[in-house]
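S.K.:
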Amino acid sequence: MKKFLASSVLVLGIIFSFVLSVQAQSNLVSITPAVIDERAVANEIFNYELTLRNNTDKHLFLYPVIFEVDSQKGRQLVSRIYDFDKTKTLARWIRIKRNTIELPPGAEVKRKLTIDVDLRAVPGRYYAEIVFARGANKLEAELRAQQEAFPTLKLNFEVKEQAVEKMQLLDFTSSKNTYLSWPVNLIIKLKNVGNKELTPQGSIFIYNRRGEEVAKLAVNSQKQAITAEAESEFKTEWRGKKIGKYKARLELEYGSQNPQTLQDTVYFWVFSWGFLLFFGGGIFFLVILLSVVIFQRTFRHSQHLSHRNSPHLLTPHISPAKRAKRTQTASSHILDLKG
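Per the numbering used here, the very first residue in the sequence shown carries number 6; after that it's consecutive.
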């Protein structure tokens, strides 16, 4: 009986000492706030500022260690966050610097904390802990955080269901800028950036150069749905009758709770081979005609210059006085011959 009592006292003493040790270890540093309890919706962001105070006369070095708390799996160390599903893991939403926190005796340090709820977060309750454990390095701190008690921030989040209907128009284009034959191919690329399945529908309006509507084409008449974060491509053909420049205007609508629209415009040309041959032939004829005219003008000009510059064609200029004197002299010579 005495041995049993002695053993019981010893066990109780060990347990009591352990409890006191744990309590003392956790009281080394105080953290504010100690608990964060929030209600959130998908894609919501929460920002906090944590305050850590060193209650001892020792220099402390702490590391934030994150644990995911699950009702079935229990407390799990989150060393590699990408091993956890971001749609239903609170630990994946935690943003906090994981480097060393240095706390001089009696000092306070502030650290920012962000909870970025995933866009496709599954509605429900989520729990996590951030333990500020002591250690020479991160690995030692993670090991000690699993075995010892340290200051802990508890996170409790309840995610409510909220539909995010958001569609992004990645591209609206024509497969060519210029067509030489029908049909014209118009391409639409969409991405669902929300968390709900969406079915976009609408029309493409075709206008000629005078701004007149010449065609209306249906888009996604088969009601093809685009799942969350998925991309899809829709192609539409148009066969017109006349050549020329055209404008295609896209109008799409999506969403059931709050319908929204997407719009864009693209331009293109349509020609025919007959028109191109006629147009090309006309340009060729004009080029030939212009070349002939230029050649003739250049040739005539060169001939004129050659005629003016020839020496045997140059006639010396004689004044009237000199001409009269020469005539008189010639007459005198004739009279002398006769006499």
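Backbone N, C-alpha and C fix where the C-beta goes; we use that ideal spot for every residue, glycine too.
Following the continuous alpha helix (DSSP H) through L148, name the residue where it begins and the one where it ends.
M.R.: 143-152
S.K.: When the Cα atoms are used, what is the spatial distance from K63 to P69?
M.R.: 19 Å
S.K.: Count the other C-beta atoms from every protein chain shown that fall within 10 angstroms of the C-beta of T94, then say buried if there are 16 or more, exposed otherwise.
M.R.: That one is buried.
S.K.: Over what stretch of residues does the beta strand (DSSP E) that includes P69 continue unbroken?
M.R.: That run of the beta strand (DSSP E) goes 65-75.
S.K.: Considering only their Cβ atoms, is the gap separating P205 from L257 smaller than 7 Å?
M.R.: yes
S.K.: Find the nearest neighbour of T178 within the set V189, V169, Y53, judged by alpha-carbon distance.
M.R.: V189
S.K.: So the candidates are A150, Q167, K117, Y212; which of them puts its Cα closest to the Cα of G129?
M.R.: Cα-wise, what sits closest to G129 is Q167.
S.K.: Locate the beta strand (DSSP E) running through E170, then write down its first and last residues.
M.R.: Note, E170: premise wrong, no beta strand (DSSP E); not H, not E.
S.K.: Taking the DSSP output, what are the residues bridged to F137?
M.R.: P69
S.K.: Pull up the CB-CB distance for D75 and Q81, whole angstroms please, since I reckon it's below 8 Å.
M.R.: 7 Å
S.K.: Using alpha carbons as the reference points, say which of E107, V292, D123, I106 lies closest to R97.
M.R.: D123
S.K.: Hey, could you find the ends of the beta strand (DSSP E) F155 is sitting in?
M.R.: No residue range can be given for F155, since it is assigned to no beta strand (DSSP E) and is classified by DSSP as neither H nor E.
S.K.: Where does S84 sit, in a helix, a strand or coil, going by DSSP?
M.R.: It is coil, neither helix nor strand.
S.K.: Going by other Cβ atoms of all chains shown within 10 Å of its Cβ, with 16 needed for buried, is Y87 buried or exposed?
M.R.: exposed
S.K.: Hey, is the segment 46-54 in contact with the segment 109-126, meaning 3+ C-beta pairs nearer than 8 Å?
M.R.: yes
S.K.: Judging by CA-CA distance, which residue of I299, V40, V83, M172 is the nearest neighbour of A235?
M.R.: M172
S.K.: I'd like to check one pair, V46 with T92: are the Cβ atoms closer than 7 Å?
M.R.: Taking 7 Å as the Cβ cut-off, T92 and V46 do not qualify as a contacting pair.
S.K.: For the segment 220-289, which segments carrying the beta strand (DSSP E) assignment without a break, of at least 3 residues, lie completely within its bounds, in sequence order?
M.R.: 236-243, 249-259, 265-275
S.K.: Does the segment 248-264 come into contact with the segment 192-209, if we say contact requires no fewer than three beta-carbon pairs (one atom in each stretch) closer than 8 Å?
M.R.: yes
S.K.: Check whether the segment 151-159 touches the segment 37-46, counting contact only when three or more Cβ pairs, one atom from each stretch, lie closer than 8 Å.
M.R.: yes
S.K.: Going by beta-carbon coordinates alone, are A150 and A138 separated by less than 7 Å?
M.R.: yes
S.K.: So for L95, helix, strand or coil by DSSP?
M.R.: helix
S.K.: Looking only at C-alpha atoms, which of V275, V271, D269, T270 sits nearest to K356?
M.R.: Beyond the ends of the chain as shown, which are 6 and 344, falls residue 356; an answer cannot be given.
S.K.: What is the DSSP secondary structure of V127, counted as helix, strand or coil?
M.R.: coil
S.K.: Taking DSSP as the reference, what is the three-state secondary structure of S186?
M.R.: coil
S.K.: Can the beta-carbon of E242 be found less than 7 Å from the beta-carbon of K194?
M.R.: no
S.K.: Just tell me which of I36, L65, E170 has its CA closest to the CA of V136.
M.R.: I36
S.K.: Return the bridge partner residues of R100 from the DSSP annotation.
M.R.: T119
S.K.: Let me make sure I understand the geometry here. Which of R85, G111, P109 has the alpha-carbon closest to that of R103?
M.R.: R85
S.K.: In three-state terms, what does DSSP make of R302?
M.R.: R302 falls in the helix class under three-state DSSP.
S.K.: Per DSSP, which one or two residues make a beta bridge with K196?
M.R.: Q173, E236
S.K.: Looking only at its own chain, which residues have a Cβ that is under 7 Å from the Cβ of G260, when we skip the five neighbours before and after it?
M.R.: E170, L203
S.K.: Tell me whether the beta-carbon of L175 lies closer than 7 Å to the beta-carbon of K196.
M.R.: yes
S.K.: Which residue marks the beginning of the beta strand (DSSP E) containing R58, and which one marks its end?
M.R.: 50-59
S.K.: Quick check on the burial criterion: 16 or more other C-beta atoms within 10 angstroms. Buried or exposed for L67?
M.R.: By the 10 Å Cβ count, L67 comes out buried.
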